[in-house]
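Let me begin by presenting the structure, written as structure tokens, before commenting on it.
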Amino acid sequence: MKLIIVAALALSVPLLAKDKKPTMRLDEAAMVLTEVMGAADKGIPQDMLENAHCIVIVPNLKTAAFLVGGKYGKGVLSCRNKSGKGWSAPGTVRIEGGSVGFQIGGSSTDLIMLIMNERGMDKLLSSKFTLGGEGSVAAGPVGRTATAQTDAQMKAEILSWSRSQGLFAGLALEGATLRQDLDDNATLYGRKVENREIVTKGVAAPKSAAKLLALLNKYSWKERK
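Under the numbering used here, the sequence shown has 204 at position 182, and the numbering climbs by one with no breaks.
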């Protein structure tokens with residue numbers, strides 16, 4: 023069994039080696055949001071994005087599998103300003119998770135999560151938390167309206183979607199660990215600033231985040247009361 027685990031970890035090394043710079047990841051996140059929201063009747067419901075407290079976008083979440091499966095990806099988050107008239111500077115995150123079973127192959131998926139209340143936002147801004155364990159998560163509905171919501175979706179702190187090979191759907195993502203990435207934050211801001219400080223203290227956004235923030239404002243124009 024030890025040899026299997028070592029082999030699986032060895033296969034995951036190329037995923038880490040190919041990691042891209044945080045500034046490039048901001049552009050990728052903007053592209054994912056543009057394409058998802060631009061898909062007629064197949065994107066995230068407009069009112070959900072308008073009422074979300076935070077958003078997490080993980081472009082190219084990697085799934086490596088050879089007897090022992092695992093997920094690894096890096097992404098960005100942004101939360102509503104207290105005024106409700108815009109979005110915070112982005113923080114960076116890592117998502118990691120694993121499973122054991124007979125799996126051979128690999129895939130790449132774009133992941134989007136909406137955090138729907140203050141409790142979920144507080145967990146998101148902690149150093150790390152487990153999806154489905156410390157924060158309730160449900161697959162989000164697809165379409166421009168949220169009329170297809172289930173009771174689980176209405177009560178969930180976090181709603182998640184995935185896009186893989188052109189297919190966009192709600193994703194029941196549980197068991198993965200989401201944590202802040204202080205090294206990537208240091209690249210963007212020049213110091214190892216925590217995500218909570220970036221979001222709550224009004225840290226100025228880097229120029230590389232301008233496109234993503236403009237898109238968030240475009241697709242979530244509703245102001246908080």
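Using N, Cα and C, we set each Cβ at its ideal position, and we do this for glycine too.
Expressed to the nearest angstrom, what Euclidean distance is found between the alpha-carbon atoms of L200 and Y94?
The residue you call residue 200 lines up with position 178 of the sequence shown. The residue you call residue 94 lines up with position 72 of the sequence shown. Answer to the nearest angstrom: the Cα atoms are 10 Å apart.
Within the same chain, show all residues whose beta-carbon is closer than 7 Å to that of G154, passing over the 5 residues directly before and after it, in chain order.
As a first step, residue 154 must be located in the sequence shown, where it is residue number 132. So the qualifying residues of the chain are E196 and G197.
Excluding the 5 residues flanking K240 on each side, which residues of the same chain have their C-beta closer than 6 Å to its C-beta?
As a working mapping, residue 240 is identified with position 218 in the sequence shown. Apart from sequence neighbours up to five positions away, no residue of its chain approaches K240 with a beta-carbon distance below 6 Å.
Report the partner residues of T152 according to the DSSP bridge assignment.
Taking the sequence shown and counting its residues from 1, the one referred to as residue 152 is at position 130. Looking at the DSSP assignment, T152 forms a beta bridge with T199.
Measuring CA to CA, which of V115, A74 and K43 is closest to E216?
In the sequence shown, counting from the first residue as 1, residue 216 sits at position 194. Among V115, A74 and K43, the Cα nearest to that of E216 is on V115.
Take P44 and list the residues in its own chain whose beta-carbon comes closer than 6 Å to its own, dropping the five residues that flank it on each side.
Residue mapping note: residue 44 aligns to position 22 of the sequence shown, counting from 1. Hits under 6 Å: T114, D206, T209 and L210.
How would you call D203, buried or exposed, if buried means at least 16 neighbouring beta carbons within 10 angstroms?
Here residue 203 is taken as the residue at index 181 of the sequence shown, counted from 1. Label assigned to D203: buried.
Leaving out five residues on either side along the sequence, give the residues of the same chain with a beta carbon under 6 Å from the beta carbon of V11.
Outside the modelled stretch of the chain, which goes from 23 to 247, sits residue 11, for which no answer is possible.
Quick one: what's R102 bridged to in DSSP?
Counted from its first residue, the sequence shown places residue 102 at position 80. The partner list for R102 (beta bridge, DSSP) reads W109.
The alpha helix (DSSP H) that contains A227, what's its start and end?
Here residue 227 is taken as the residue at index 205 of the sequence shown, counted from 1. Here A227 belongs to no alpha helix (DSSP H), and DSSP marks it neither H nor E.
Count the other CB atoms, across all protein chains shown, that sit within 10 Å of the CB of M135; report buried if there are 16 or more and exposed otherwise.
Translated into positions along the sequence shown, residue 135 becomes position 113. M135 is buried by the Cβ-count criterion.
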